[in-house]
Structure formats: C-alpha cells, structure tokens
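For the sequence shown, my numbering assigns the number 1404 to the initial residue and increments by one for each residue that follows. For every residue, glycine included, the Cβ atom is placed at its ideal position computed from N, Cα and C.
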Amino acid sequence: MTAHDPRDDREGADEQGGAGTGTRGGTGARSGTGEPDGTGAQGSIGEQGGTGEPSPTDDRARRFAAARDAERILALPPMAVTLAERLTALTTGAAEVADLERPGDVYGDEVVADLEDEVARLLGKEAAVFFPTGTMAQQVALRCWAGRTGSATVALHPRSHPEVHEAGALSVVSGLRTVHPTDAPRQPTADEVLDFEEPFGTLMLELPQREAGFVLPSWQELTDVVAAARERDAVVHFDGARLWECTTHFGRPLTEISALADSVYVSFYKSLEGIAGAALAGPLSLADEARAWRHRYGGLMFQQFPTALSALLGLRNVLPRLPEYVAHARVVADALREGFASARVPWSRVHPDPPHTHQFQCWLPYAPEVLNEATLTQAEETGTQLFWRWFPEGPPGLSVTEVTVNGPGLAWTAGDVRAAVAEFVRRLP
C-alpha cells in the first residue's frame, strides 16, 4: 500500500510488527528477532473530538500503550514500535545484508540494485525495479501494459487496492479504465473471465485478496483463470503485496507462482516488515520502461538505502519464517472458533476457515466500540492483547477485525488462545 489508506490503523492488526523494528520475537532492539506489519480504518469510539469524547490522539495513545505493555500479543503493530527501536534494529542488522563500507545508493544503484536483483531471483523474473510505494509500482505496471496491448482497460476486482484505496488514481493519473468480471468476495473464475462482455488488455489478480479476508483461489482455479485471460489475449499482472506468504496455500515455490503472471508487484512492508517500498518484477524490457515511468511519476529518489536495507533484512529474516506463521495462524483460528463457541457468543465467524495465509478475519455481532473497549481493557488489565481494532462492516451491529499471527504469536498455544477468548468475552455486555 502506498497513498494513505483509510484502513492503515487496521494494518496494525493486519500485519503487526516490523522486520528489525524492535518488536517482540523480532530482529529488533526490544527483544531481538523481528516481527510484523499493519491494517486501518473507519474510525472507532473516541475518535470524533469536540464532543466531550477522547480525542483521536488520546485513543491512539491508549492503543499504543496497551500494545507496548502487553506481555502477550499475537503480533505487534508497527505503530507501537518507537523510532529509536526501528533505528537501532536497522543499524544492528544492516551488516548482515550489505557491505557497509560501500558508498550509499544514488538514484537506485548500489544496495537498491542489490535488492532488485534479489527480488528478481526470488520471483524467477528477468528483472525487478524498486519503487517507493506499491501504488506507484502498479500504476506504472498497468500503464506499461496498456501501451503494449493497445488497451487501456484493466479487469480487476471492485474491492482491489487500486479501486478502494488509491483515490481513483488509475483513471485520474494514468488514464486507464477498469472493469469487474465479478463482485463476489473472491477471485474471478475462469468462466467469468472468458464470458465477460467486453475486451480488456490486462487482468489484475490480488493474491491474497485482502478485503475478502486474505483469501486465495486453489492452484487449479488460479491456473485456469490465468489461462482464460491468455485465451482472451490479455496479459496478467499479480498484485502480490502479500505474495510472500502464499506458498503454503498453493504448495508451490514463489518462482512457480510468479511464472503464471507477466508481471508481479510485491511489498516490503506488508508481511516482510520493512520500513516501506515495493518492487515490480517482470521481463527486462518492462523493467526498462518502468524505470522511465518511475522517473516521470516522481519515484526516482536520490537515496533510499534505509528502505532497501530494511527490505533485505525482511527477505533474509522474515521470509523464511512465513510458512511457520501460516501454520500457526491455523492453530490460532481453530482456537478462536472453539473459544467463542465455548463462551456461548451468539454468533461468530473466522474467515476463511482455515486461513489461507497468516492473516484472516474474525467477525462478532457487537458494535465496534464495544469490542474495541473490551480489547483495550483486557490488554490493560491482564497484559494479554488478543485483537487490535474492530470495524463496522456488513449489517449494523456486526463488526470485523483482521488477525495477524507472526513471531510473537508463535508462543501462544491453543489453550492460551481459548483462555484469552474467555477473558475477552467476559468483558462484553
């Protein structure tokens, strides 16, 4: 993600932590090994201001303090890590991934070029280009493909990141037009792509699809929909912001997954817990063109070594652990479901069940302000923070939260989760 996402506070629940950011169980100064990234949202109780309610600053400060003081947490959000901790973790780990006696980067060479080479190798693509933001990377990718295919029409999901979180940039900035083969909360099927009533030049698939619950198709479904796009003479671009954690679900290495697409965008701060940044990987000719457009879009920055170093640390320290996070997320999800059933909550849902990645949704039939207060009081009174933040979605009275499981969460047993659920429900009306 790139331009400010109104759900970015939810990102603190979605991907809480940071590679080398000083998080519990992480590579950081606070405990020593490096954990998660973040999620964000429509506001919650106490964020209105001017009505006698707590100010947004007070509300955020309370969440920050609760997360930092918690003795047990599934994933520490990056907004709960101090600047000092991030800087210490980065300087401590940098020598592991780069020769610090080399010159700093200038307009994308040196350590930035090393990062690009590593991403291209991991994804099995000819080349990769570093971008300061994922929004810019995908703008450039889709614009380049429009020029090459002769079609400015992009087929994608209406709840994909460019449609929901980028202020209409695809059309306003890049002159592209979007169409939607499906509006169901899942990837489009091969039949929906084949039978779509109008032509398009590029099919963009978000893997996993965050808004639908970090969901993924089966491997067969994915290969079928890619084949359907090819049959329509369209190119395929993967929004792979969180592609790194998809290997467990698909049972395939990153190179085999990426080989299905003509181009792939990946993020360094989601999943990999870096400071920021993204990369676009694909053919060498596309990379060359993307560099030109990156300059035109204002993304050719003089020096970017802190971001590049944090990305390399994420690839080195966090990427190998993602399968372990995914496996344990399934343990946590099972225990949440069992805990809510044992506590006789009127209705609850873990989605998807089992999780496809190390992130998933949890739904409860209460107002978000009720659930947020229960979340905070549990953390403040017991030192255990089970959730991060709840949001109103769906019918009135139904709320959702995004759960991320990574380094700190590996210490939780199923019994720990069930006990924490019981304590949480005890605080609900």
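I'd like the list of long-range same chain contacts for residue i, defined as Cβ closer than 6 Å, with 5 residues on each side in sequence excluded.
{"i": "A1682", "result": "V1522, A1531, F1533 and V1669"}
{"i": "E1783", "result": "A1469"}
{"i": "Q1706", "result": "G1507 and D1508"}
{"i": "R1752", "result": "W1766"}
{"i": "L1687", "result": "E1529 and A1530"}
{"i": "V1808", "result": "L1477, Y1728, H1731, A1732, V1735 and H1761"}
{"i": "P1832", "result": "none"}
{"i": "R1719", "result": "V1500"}
Give the straight-line distance between the Cα atoms of residue i and residue j, rounded to the nearest whole angstrom.
{"i": "L1606", "j": "Q1623", "result": "17 Å"}
{"i": "V1721", "j": "E1600", "result": "43 Å"}
{"i": "H1759", "j": "D1627", "result": "19 Å"}
{"i": "P1723", "j": "L1657", "result": "12 Å"}
{"i": "W1696", "j": "Q1542", "result": "9 Å"}
{"i": "E1776", "j": "Y1510", "result": "47 Å"}
{"i": "A1713", "j": "R1829", "result": "For the record, residue 1713 in the displayed sequence is Ser; it is not Ala. Their backbone Cα atoms lie some 40 Å apart in a straight line."}
{"i": "G1578", "j": "M1539", "result": "14 Å"}
{"i": "A1473", "j": "G1786", "result": "4 Å"}
{"i": "T1651", "j": "P1726", "result": "6 Å"}
{"i": "E1566", "j": "E1504", "result": "43 Å"}
{"i": "Q1781", "j": "P1798", "result": "26 Å"}
{"i": "A1637", "j": "T1552", "result": "8 Å"}
{"i": "L1625", "j": "E1648", "result": "16 Å"}
{"i": "R1466", "j": "A1483", "result": "8 Å"}
{"i": "D1598", "j": "D1586", "result": "15 Å"}
{"i": "G1446", "j": "E1609", "result": "Low confidence applies to G1446: its pLDDT is 32, below 50, so where it sits in the model is not reliable, and the reading given next is rough at best. Near 25 Å, if we compare the C-alpha coordinates of E1609 and G1446."}
{"i": "H1698", "j": "H1754", "result": "41 Å"}
{"i": "G1812", "j": "Q1788", "result": "11 Å"}
{"i": "A1679", "j": "L1486", "result": "14 Å"}
{"i": "R1580", "j": "A1814", "result": "47 Å"}
{"i": "A1770", "j": "G1550", "result": "47 Å"}
{"i": "A1662", "j": "R1524", "result": "12 Å"}
{"i": "G1818", "j": "L1779", "result": "21 Å"}
{"i": "E1796", "j": "R1613", "result": "14 Å"}
{"i": "Y1700", "j": "L1518", "result": "21 Å"}
Apart from the five residues on each side of it in sequence, which residues of its chain come closer than 7 Å, Cβ to Cβ, to residue i?
{"i": "H1640", "result": "A1544, L1545, W1548, T1605, M1607, A1664, D1665 and S1666"}
{"i": "D1717", "result": "Reading off the sequence, residue 1717 comes out as Gly, not Asp. Contacts found: A1422, F1671, L1675, E1676 and G1677."}
{"i": "V1514", "result": "A1501, D1508, F1708, A1711 and L1712"}
{"i": "P1611", "result": "F1617, V1618, L1619, R1645, C1649, H1759 and T1760"}
Based on DSSP bridge pairs, tell me the residues matched to residue i.
{"i": "E1609", "result": "D1642"}
{"i": "T1581", "result": "V1557"}
{"i": "E1805", "result": "Q1764"}
{"i": "G1685", "result": "A1530"}
{"i": "F1794", "result": "V1803"}
{"i": "V1618", "result": "Q1612"}
{"i": "I1476", "result": "Q1788"}
Please look up how many angstroms separate the CB atoms of residue i and residue j, rounded, as I've assumed it's under 8 Å.
{"i": "S1554", "j": "F1603", "result": "6 Å"}
{"i": "A1736", "j": "D1756", "result": "6 Å"}
{"i": "A1684", "j": "L1526", "result": "5 Å"}
{"i": "G1745", "j": "R1821", "result": "Residue identity differs from the one stated: residue 1745 is Ser in this sequence, not Gly. With 8 Å as the limit, S1745 and R1821 qualify as a contact, their Cβ atoms being about 7 Å apart."}
{"i": "P1588", "j": "A1615", "result": "4 Å"}
{"i": "Q1764", "j": "V1824", "result": "About 16 Å separates the two Cβ atoms, so there is no contact after all."}
{"i": "G1702", "j": "P1535", "result": "5 Å"}
{"i": "L1801", "j": "P1768", "result": "6 Å"}
{"i": "V1576", "j": "A1558", "result": "Incorrect: roughly 19 Å between the Cβ atoms, too far for contact."}
{"i": "W1791", "j": "L1774", "result": "Not confirmed; about 11 Å, so no contact."}
Residues in the same chain with beta-carbon distance under 8 Å from residue i, minus the five sequence neighbours each way, listed in chain order, please.
{"i": "G1654", "result": "W1622"}
{"i": "P1620", "result": "R1589, Q1590 and V1628"}
{"i": "A1516", "result": "D1508"}
{"i": "F1827", "result": "A1777, T1778, Q1781, L1789 and F1790"}
Taking 8 Å as the CB-CB limit, is residue i close to chain B?
{"i": "D1756", "result": "Looking for chain B here will not work: only one protein chain is present."}
For the segment 1711-1789, which segments carrying the beta strand (DSSP E) assignment without a break, of at least 3 residues, lie completely within its bounds, in sequence order?
-> 1752-1754 and 1762-1767
In chain order, which continuous runs of the alpha helix (DSSP H) of length 4 or greater are located wholly inside the segment 1648-1673?
-> 1650-1653 and 1657-1661
Which runs of the alpha helix (DSSP H), 4 residues or longer, sit entirely within the segment 1499-1566?
-> 1514-1526 and 1537-1552
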